[in-house]
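In terms of this note's numbering, the sequence shown has 431 at position 249, counting the first letter as 1, and numbering is strictly consecutive. Presented below is the structure to which this report refers.
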Amino acid sequence: MSIRELKALEENQNGLIPVNAFFSTSKSSSVATRFASGGTQDNPTVIFTIFIDYHVHDQPFALIESSSNFAHEEEILFSIGTIFRIENVELMNDTIWSIELKLYNRDNLELKQLINSFEEDIGKTSTLFDLGTIFSHMGDNDKAETYNRILLEQLPPNNSSMSIVYTNIGDTYLNRGSYQKASEYYEQARSIALNLERDFHMCLAYVYDSIGLLNDRIGKYEEAIENFKKACDIKLKSIPENALFMVSTYNNIAMVYRHKLDYEFSLEYYNKVLGIELESLPELHPNIAATYNNIALLQNQLSHYDEALNNYSKALSIEQKS
């Protein structure tokens with residue numbers, strides 16, 4: 183592992199780290215130590231010490247020593263998408279680092295919401311949950327940029343995920359108010375996504391959504407709506423059977439119309455969101471409450487007071503029951 187990656191992990195102690203491949207480990211520290219050779223000061227070896235609570239409901243690992251050709255290694259295999267909390271990172275000697283991890287319970291509500299958000303926004307499974315994306319959604323823009331830049335160095339130039347990485351970096355600049363830098367990264371992302379095969383056109387929708395947010399932030403409302411509608415067209419063609427993928431873009435279009443003071447158009451798109459959510463989500467889902475609240479705000483602006491009160495009441499009822 184490179185020093186840069188180790189330093190990034192060191193700065194993220196108590197944070198979460200996912201693995202995007204099967205993770206082979208051993209119950210024996212002596213076995214792990216035997217494998218910890220050949221490191222250098224620039225690319226040291228890392229020994230992971232993993233703490234597991236066997237009482238948690240979700241256990242994404244298996245003891246495979248009985249079926250292994252090397253039973254003496256006492257192998258434990260963690261599955262793709264396993265998530266750990268970083269407990270401690272320290273240098274043992276010039277060529278070996280020690281990292282202590284604790285298995286994170288995927289039943290944790292905060293993590294479930296994060297996973298659902300990623301799957302709705304990007305349309306990928308948990309194997310895509312690289313650290314940069316996690317920190318981006320958590321609002322830690324400095325760390326998000328750090329990890330995405332590491333990805334830029336590691337991914338081959340023709341990798342389809344490159345456009346998402348450039349978009350994520352652009353998002354960190356957007357969130358920090360550096361609009362020109364955000365625009366530069368979005369343009370690189372768009373250029374890559376335009377050249378991808380049709381199967382990867384969701385990457386382009388992802389870029390257009392971010393460009394639309396940038397347009398809205400700087401007051402270019404018509405361009406924002408144009409880019410959000412491009413994202414809509416791609417999503418409808420790519421995944422017409424999954425309406426939930428449309429919700430984030432419809433919400434964005436409604437937001438822009440609200441900023442333009444075009445309340446009727448804004449209300450139209452929030453009603454589209456509500457229709458999808460009522461069909462696709464549990465009846466007490468907090469997103470439905472948020473949409474009822476948005477609709478009520480607009481109805482109040484349009485002087486539709488009885489309807490606004492009715493929708494405020496629906497939002498409050500869900501919040502009290504959930």
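In this text, a Cβ means the ideal position worked out from N, Cα and C, and glycines have one as well. What you are looking at is a predicted structure, and each value in this text was computed from that prediction instead of being measured.
Sequence-distant residues of its chain with Cβ nearer than 6 Å to residue i (five each side left out)
i      : result
Gln483 : Tyr445
Ala478 : Ala490, Asn493 and Tyr494
Tyr439 : Phe447 and Ser448
Ala387 : Ala413, Ile416 and Lys417
Ala276 : It is Asp, not Ala, that sits at residue 276 in the sequence shown. The answer, listed in chain order, is Gln223.
Ala406 : Gly394, Asn397, Asp398 and Val438
Glu292 : Per-residue confidence for Glu292 stands at a pLDDT of 49, beneath the threshold of 50, marking its modelled position as unreliable; the derived number appears in the next sentence. Closer than 6 Å at Cβ, skipping near neighbours: no residue.
Glu465 : none
Reduced DSSP secondary structure (H/G/I, E/B, other) of residue i
i      : result
Ser128 : Coverage of the chain is limited to positions 183 through 504, which leaves residue 128 absent and any answer about it impossible.
Leu480 : helix
Ile185 : helix
Leu443 : coil
Ile470 : helix
Arg267 : strand
Ile374 : helix
Thr138 : For the chain, the structure presents residues 183 to 504; residue 138 sits outside this window and is missing.
Thr231 : strand
Glu192 : helix
Ile199 : strand
Leu333 : helix
Leu463 : coil
Glu408 : helix
Glu369 : helix
Glu379 : coil
Ile500 : helix
Ile416 : helix
Ile346 : helix
Ile258 : strand
Span separating the alpha-carbon of residue i from that of residue j
i      : j      : result
Leu480 : Ala471 : 15 Å
Thr227 : Asn196 : 21 Å
Ile435 : Glu327 : 27 Å
Lys284 : Ile278 : 20 Å
Arg331 : Lys325 : 10 Å
Phe311 : Gln502 : The predicted model places Phe311 with a pLDDT of 40, which falls under 50 and marks its position as unreliable; any figure quoted below should be read in that light. Those two C-alpha atoms are separated by around 32 Å.
Tyr329 : Gly457 : 37 Å
Arg267 : Phe233 : 10 Å
Ile374 : Leu443 : 35 Å
Ser206 : Asn225 : 20 Å
Thr349 : Asp235 : 37 Å
Glu366 : Phe260 : 39 Å
Ile393 : Leu376 : 14 Å
Tyr403 : His441 : 8 Å
Asn476 : Asn341 : 39 Å
Asn433 : Pro339 : 33 Å
Gly321 : Glu335 : 23 Å
Proximal residues to residue i (C-beta, below 7 Å), its chain only, five neighbours per side dropped
i      : result
Ala364 : Gly352, Tyr355, Leu356 and Leu396
Ala192 : Note that residue 192 is Glu in the sequence shown here, rather than Ala. Excluding sequence neighbours, Glu192 sits near Val271.
Thr473 : Tyr452, Val455, Leu456 and Glu459
Leu498 : none
Asn194 : Ile268 and Lys325
Glu450 : none
Lys496 : Tyr474
Asn469 : Glu459 and Leu463
Gly221 : Thr227, Thr277 and Ile278
Rounded Cβ spacing between residue i and residue j (contact assumed at less than 8 Å)
i      : j      : result
Phe126 : Ile265 : With the chain represented from 183 up to 504, any question about residue 126 goes unanswered, as that position is not in the structure.
Thr431 : Asp391 : 6 Å
Met437 : Ile416 : Contact flag wrong, Cβ pair sits at about 19 Å.
Ile258 : Ser184 : No, Ile258 and Ser184 are not in contact; Cβ-Cβ is about 26 Å, not under 8 Å.
Tyr361 : Ile400 : 6 Å
Leu378 : Tyr286 : Contact doesn't hold; Cβ gap of about 33 Å is too wide.
Residues near residue i by beta carbon distance below 8 Å, same chain, minus five either side
i      : result
Leu418 : Met428
Leu516 : This structure gives no information on residue 516, because the portion of the chain shown stretches from 183 to 504.
Tyr487 : Gln481
Residue i: CB within 7 Å of a non-hydrogen atom of the ligand NAP
i      : result
Ile435 : What this structure holds is no ligand at all, so the ligand NAP is not there to describe.
*asked:* Three Cβ pairs or more, each shorter than 8 Å: is that satisfied between the region 265-277 and the region 188-195?
replied: The way I'd put it, the region 265-277 does touch the region 188-195; three or more beta-carbon pairs between them come closer than 8 Å.
*Does the region 409-420 come close enough to the region 367-374 to have 3 or more Cβ pairs within less than 8 Å?*
No, the region 409-420 is not in contact with the region 367-374.
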